[in-house]
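First up is the structure itself, then whatever we jot down about it.
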Amino acid sequence: MVDCVFCKVARGETGKLVYEDDQVAAFDDLHPRAPVHVLIVPKKHIEKLADVQDGEDACLVGHILVVANRIAKERGIAEDGYRVVVNNGPGAGQSVWHLHFHLLGGRVLGWPPG
């Protein structure tokens, strides 16, 4: 999708990536909610989690979680713990219509989250 801001970031047109491979891109959140707040997005444009299909998309989501773990280790938050959050739809707080996973850590995170 040409006008999608996260597609532009994933293509390297704007922003600074902290991780990239052939399937995903990751970058620091512009408005962090924790000392570590990284967004991990698929390069394939998928609007929301509810749009993920069996097969290729399911493997992509699994890969995103592996990348989240890798970044958590690199950022030094894997040992103490971290949270991975996906907002699906407006009622959950999704505001950018490109599937993205929030990796949060670096402080004690309360429960419930919202």
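Read left to right, the sequence shown gives residues 2 to 115 (our numbering). Each residue gets a CB set at the ideal place from its N, CA and C atoms; glycine is no exception. Because the structure is a prediction, the values reported are computed rather than measured.
Q) Any idea if L66 is buried or exposed, counting beta-carbon neighbours within 10 angstroms, 16 or more meaning buried? A) exposed
Q. What residue does the beta strand (DSSP E) around V62 start on, and which one ends it?
A. Premise fails: V62 lies in the alpha helix (DSSP H), E57 to E75, not in any beta strand (DSSP E).
Q | Other residues of its chain near V25: CB distance less than 7 Å, five sequence neighbours each side excluded | A | I41, V42, P43, K44, H64, I65 and V68
Q) What are the boundary residues of the alpha helix (DSSP H) that A26 is part of? A) Per DSSP, A26 belongs to no alpha helix (DSSP H); it is in the beta strand (DSSP E), V25 to D29.
Q: Mind checking which residues open and close the alpha helix (DSSP H) that includes V6?
A: V6 to A11
Q) Regarding V19 and the ligand COA, is the C-beta to nearest heavy atom distance less than 7 Å? A) Of the ligands one can find in the structure shown there are none, so the ligand COA has no counterpart to examine.
Q) Which of the three DSSP states, helix, strand or coil, is assigned to P91? A) helix
Q: Can you give me the Cβ contacts of R71 inside the same chain, cut-off strictly under 8 Å, excluding the 5 residues immediately before and after it?
A: Y20
Q. For H101, does the count of other Cβ atoms within 10 angstroms reach 16, so buried, or fall short, so exposed?
A. buried
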